[in-house]
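Asker:
Protein chains: 2
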Amino acid sequence: MNEFELINRFFTRPVKDALVGNGDDAAIVAPTADHAFVVTTDSLIEGRHFLPTLDPLKLGRRLVHVNLSDLAAMGASPRYAMLSLALPRIDETWVSRFAEGFWAALDEFGIGLVGGNTTRGALALSITAFGEVPVVSGRANAMLRSGAKAGDEVWVSGELGGAGWALGCMTGEIEASATREQIAAYEAPTARVALGISLRAVATSCIDISDGLLSEANHLARASHVSLALDFASIPTSLGDVLADAKLRAQATQTLLTTGDAYELLFTASRDRHEDVRNLLAHHGLRGARIGTVHAASTETQAVSVIDSAGRMIEISAQGWDHFA
Amino acid sequence: MNEFELINRFFTRPVKDALVGNGDDAAIVAPTADHAFVVTTDSLIEGRHFLPTLDPLKLGRRLVHVNLSDLAAMGASPRYAMLSLALPRIDETWVSRFAEGFWAALDEFGIGLVGGNTTRGALALSITAFGEVPVVSGRANAMLRSGAKAGDEVWVSGELGGAGWALGCMTGEIEASATREQIAAYEAPTARVALGISLRAVATSCIDISDGLLSEANHLARASHVSLALDFASIPTSLGDVLADAKLRAQATQTLLTTGDAYELLFTASRDRHEDVRNLLAHHGLRGARIGTVHAASTETQAVSVIDSAGRMIEISAQGWDHFA
């Protein structure tokens, strides 16, 4: 099987609404009338973003959801994707299983694969994802990081910490074991696409939690020129048991605040939309919670502070994930 | 310098006409009214698509032009790009020089960098490029591979063979030396963007020559359901000297027909547009030539045949580049 046969067999399906779909030098696509494209690209590299033991079916799913999470954070509806594959060799069983997980995830959202490229190299996978949002009077109706206002409430969707805990346990960095649910949170994250689209009418700002809660909260606070005060005890988490364990508490706290891979949404909304947000989370079957308050930025306070149940500031050194740290 | 500082320092500039530029979870862009986006993605991997000795300034330029060549083949005007970088480490001198070549190439076409991602890994570079073409009555006005008609003339822009010859000499596969011009053709190819836009009104089909003349001619012939008869002696080339050398002739012939990296356009046009095509090539300062004729496909002839000056069929085994061959 050569490169062209691989593409034809596993990665070519008709795209129903593209002006020109895959198979030419490039694809031609247009947003729906009065909409604009929301575009993002993300890569997964073996050993860096996923363990070599990860089932390729889950890897295919994960690649899609990791990218869709960025679209979800903007409140965009997914439309198209392009796939770049670097493979050390053509292993038909592996590619077939990867493709199965990949297409199942695309099909769930009706996304058309409009192009890509394949080459030989260390295992690396990239998607460029296209979503769309309405444009009203020349302005995109999307959630940005920069819209948080003093007085707004800070929210997260879902539960945090499970994915990071599972990864720490699997790599041996944490000397404990992860539950099946925590491992699933790491291996098969779910982009909050439908929630993101609903939140567009409610939230004042939004970001997805790919790199860790504190890191993302800092990005949002800086983009909005505000500070965020977070209440540790209110953060929804699947780490309740290990947070209650004196031996593991410090590591669990660090995990909950700084590890990535959650792919939940961190967002802000006006206080008078509190019930609307609660109803939206419930409607989408997600836990989620209000975890803090937006304050005016001051030169004295740090952009993000976290208070424990005794009212003390939690000091955390590593504020997220830097690929070169 | 960490990942975010690297992105801020080298890869963040305002994008003047995006609805939302870089710096958020995703960018938001729309095509000009009555246009659609033409999108393509391509990767360069060290040791596979470029030699480790390549000056990063040239690598930055090359990455852009390799992608724009696909837009050129569709007749699209470049608009935006997204960049994915995998770097083994942050070498500021290297990144700075890469960024210089990269931005110079983007600026030449007024392209805005709207996003991307950076990670640690084996050196690999990817661009997703966005161009645009007009849409008239719901149909994209672009050049496809599938429009060639029996009776059309087959053309190429520029000169072929130089880049492939230089690569063969540099890797030692060819025991000869390359001229400075041939090395420049390999290291610094130029996407035929302006020519592609002009050809939209003239050509019936088009493809860019990234993988070798015969391979691309086969793609075009199959997409158009025609066969192509090419006249070897009419192919414009910088390999005249080595083709005239009895010891090197066979290797030069193979190089001219099957090696990639030329990034010229292979296209077809009706016979009555012959003078228009000649004038366009001259207007853009390009050599180029008519190299053959389109015939109806038949089950007896192969999709592409090449005839030498004595009227004999040239047999070439390897018809282009397969990343996994």
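Protein chains in written order, with the numbering used here: chain A, 78 to 402; chain B, 78 to 402. Ideal Cβ positions, reconstructed from N, Cα and C, are used throughout, including at glycine.
1) Hey, K93 (chain B) and G189 (chain B): beta-carbon distance below 8 Å or not?
2) Can you pull the chain B neighbours of L334 (chain A), defined as C-beta to C-beta under 9 Å?
3) Once DSSP output is grouped into helix, strand and coil, what is the label at N356 (chain B)?
4) For the beta strand (DSSP E) holding E392 (chain B), just list the boundary residues, first then last.
5) Report the neighbours of M159 (chain A) on chain B: residues whose CB is nearer than 9 Å to its CB, in chain order.
6) Taking only three categories from DSSP, how would you classify E293 (chain B)?
7) Rounded to whole angstroms, what is the Cα-Cα separation between D101 (chain B) and G235 (chain B)?
8) In whole angstroms, give me the CA-to-CA distance for T89 (chain B) and T336 (chain A).
9) To the nearest angstrom, report how far apart A395 (chain B) and M78 (chain A) are at their CA atoms.
10) Any Cβ of chain E within less than 8 Å of the Cβ of G224 (chain A)?
11) Could you confirm whether any beta carbon from chain B is found closer than 8 Å to the beta carbon of L140 (chain A)?
12) Can you tell me whether DSSP reads P108 (chain B) as helix, strand or coil?
13) Hey, would you say S347 (chain B) sits closer than 8 Å to G239 (chain B), going by beta carbons?
14) Give me the chain A residues within the contact set of I284 (chain B), using Cβ-Cβ distance strictly less than 9 Å, ordered along the chain.
15) May I ask you to list the residues that DSSP assigns as paired with L160 (chain A)?
16) Which residues in chain A have a C-beta closer than 7 Å to the C-beta of P108 (chain B)? List them in chain order.
17) Please state the DSSP three-state secondary structure of G178 (chain B).
18) Give the straight-line distance between the Cα atoms of D353 (chain A) and E123 (chain B), rounded to the nearest whole angstrom.
19) Taking Cβ positions only, does V212 (chain A) come closer than 8 Å to chain B?
20) Could you tell me which residues DSSP pairs with T118 (chain A) in its beta bridges?
21) Thinking C-beta only, is T205 (chain B) closer than 8 Å to T109 (chain B)?
22) Count the other C-beta atoms from every protein chain shown that fall within 10 angstroms of the C-beta of M220 (chain A), then say buried if there are 16 or more, exposed otherwise.
23) Could you name the residues of chain B that A217 (chain A) contacts, counting a contact when the two beta carbons are closer than 9 Å?
24) Check whether the Cβ of M407 (chain B) lies closer than 8 Å to any Cβ atom in chain A.
25) What's the call for V115 (chain A), buried or exposed, on a 16-neighbour Cβ count within 10 Å?
26) If you measure from the beta carbon of I170 (chain A) to each beta carbon in chain B, is any gap under 8 Å?
27) Determine the burial state of T376 (chain A): buried for a count of at least 16 other Cβ atoms within 10 Å of its Cβ, exposed for fewer.
28) Taking only beta-carbon atoms, is V191 (chain B) less than 8 Å away from chain A?
29) Report the three-state DSSP secondary structure of G337 (chain A) (helix, strand or coil).
30) Only counting the same chain, and skipping five residues up and downstream in sequence, which positions put a Cβ closer than 8 Å to that of R166 (chain B)?
31) I want to check one thing, is the minimum distance from the CB of A265 (chain B) to the heavy atoms of the ligand ATP below 7 Å?
32) Give me the residue from A:H361, A:P266, A:V270, A:H360 with the minimum Cα distance to G178 (chain A).
33) G235 (chain B) versus chain A: which residues are under 8 Å apart at the beta carbon?
Answerer: By the coordinates alone:
1) Taking the first residue of the second sequence as 1, we reach residue 93 (chain B) at position 16. Taking the first residue of the second sequence as 1, we reach residue 189 (chain B) at position 112. Yes.
2) Here residue 334 (chain A) is taken as the residue at index 257 of the first sequence, counted from 1. Here the premise fails: no neighbours, minimum Cβ distance about 18 Å.
3) Position 279 of the second sequence, counting from 1, holds the residue named residue 356 (chain B). Correct three-state label for N356 (chain B): helix.
4) Taking the second sequence and counting its residues from 1, one reaches residue 392 (chain B) at position 315. Careful: E392 (chain B) lies outside any beta strand (DSSP E) and carries neither H nor E.
5) Here residue 159 (chain A) is taken as the residue at index 82 of the first sequence, counted from 1. Going along chain B in sequence order, the residues near M159 (chain A) (Cβ under 9 Å) are V116, T117, T118, T205.
6) In the second sequence, counting from the first residue as 1, residue 293 (chain B) sits at position 216. DSSP places E293 (chain B) in helix when its eight states are reduced to three.
7) Locating residue 101 (chain B) in the second sequence gives position 24, where the first residue counts as 1. Locating residue 235 (chain B) in the second sequence gives position 158, where the first residue counts as 1. In a straight line, the C-alpha of D101 (chain B) is about 41 Å away from that of G235 (chain B).
8) As a first step, residue 89 (chain B) must be located in the second sequence, where it is residue number 12. As a first step, residue 336 (chain A) must be located in the first sequence, where it is residue number 259. Rounded to the nearest angstrom, the two C-alpha atoms are 26 Å apart.
9) In the second sequence, the residue the question calls residue 395 (chain B) occupies position 318. In the first sequence, the residue the question calls residue 78 (chain A) occupies position 1. Residue confidence for A395 (chain B) is low, a pLDDT of 48 falling below 50, so the modelled location carries little weight and cannot support an answer.
10) Given the protein chain composition of this structure (A and B), no chain E is represented.
11) Here the question's residue 140 (chain A) lines up with position 63 in the first sequence. No, its Cβ sits nowhere closer than 8 Å to a Cβ of chain B.
12) Taking the first residue of the second sequence as 1, we reach residue 108 (chain B) at position 31. Coil.
13) The residue given as residue 347 (chain B) occupies position 270 in the second sequence. The residue given as residue 239 (chain B) occupies position 162 in the second sequence. Not closer than 8 Å, so no.
14) Counting from one through the second sequence, the residue named residue 284 (chain B) turns up at place 207. Chain A residues near I284 (chain B): D101, D102.
15) For the purposes of this step, residue 160 (chain A) is taken as the residue at position 83 of the first sequence. In the DSSP output, where bridge partners are listed per residue, L160 (chain A) has A:G193, A:I204.
16) Counting from one through the second sequence, the residue named residue 108 (chain B) turns up at place 31. In chain order: A107.
17) On the second sequence, position 101 is the one that residue 178 (chain B) refers to. DSSP places G178 (chain B) in helix when its eight states are reduced to three.
18) Residue 353 (chain A) sits at position 276 when you count from the first residue of the first sequence. Residue 123 (chain B) sits at position 46 when you count from the first residue of the second sequence. Rounded to the nearest angstrom, the two C-alpha atoms are 51 Å apart.
19) Residue mapping note: residue 212 (chain A) aligns to position 135 of the first sequence, counting from 1. Chain B contact via Cβ: present.
20) Here residue 118 (chain A) refers to the residue found at position 41 of the first sequence. Beta-bridge pairing links T118 (chain A) to A:T205.
21) Within the second sequence, numbered from 1, the residue matching residue 109 (chain B) stands at position 32. Within the second sequence, numbered from 1, the residue matching residue 205 (chain B) stands at position 128. No, these two residues do not count as a Cβ contact at 8 Å.
22) As a working mapping, residue 220 (chain A) is identified with position 143 in the first sequence. With 16 or more Cβ atoms within 10 Å of its Cβ, M220 (chain A) is classed as buried.
23) Residue numbering aside, residue 217 (chain A) sits at position 140 when the first sequence is read from its first letter. L96, V97, I105, A107, listed in chain order.
24) Outside the shown range of chain B (78 to 402) lies residue 407 (chain B), about which nothing can therefore be said.
25) Along the first sequence, one-based indexing puts residue 115 (chain A) at 38. Buried, because 16 or more other Cβ atoms sit within 10 Å of the Cβ of V115 (chain A).
26) Here the question's residue 170 (chain A) lines up with position 93 in the first sequence. It should be pointed out that residue 170 (chain A) corresponds to Thr in this sequence rather than to Ile. No - not a single Cβ of chain B is within 8 Å of the one on T170 (chain A).
27) For the purposes of this step, residue 376 (chain A) is identified with residue 299 of the first sequence, where counting begins at 1. Burial call: exposed.
28) Position 114 of the second sequence holds residue 191 (chain B). By this cut-off, V191 (chain B) is an interface position.
29) If you number the first sequence from 1, residue 337 (chain A) lands on position 260. Coil.
30) Indexing the second sequence from 1 puts residue 166 (chain B) at position 89. Excluding sequence neighbours, R166 (chain B) sits near R197.
31) The ligand ATP is not part of the structure shown, which contains no ligands of any sort.
32) Indexing the first sequence from 1 puts residue 178 (chain A) at position 101. Nearest of A:H361, A:P266, A:V270, A:H360 to G178 (chain A), Cα basis: A:P266.
33) On the second sequence, position 158 is the one that residue 235 (chain B) refers to. Simply none; closest approach about 17 Å.
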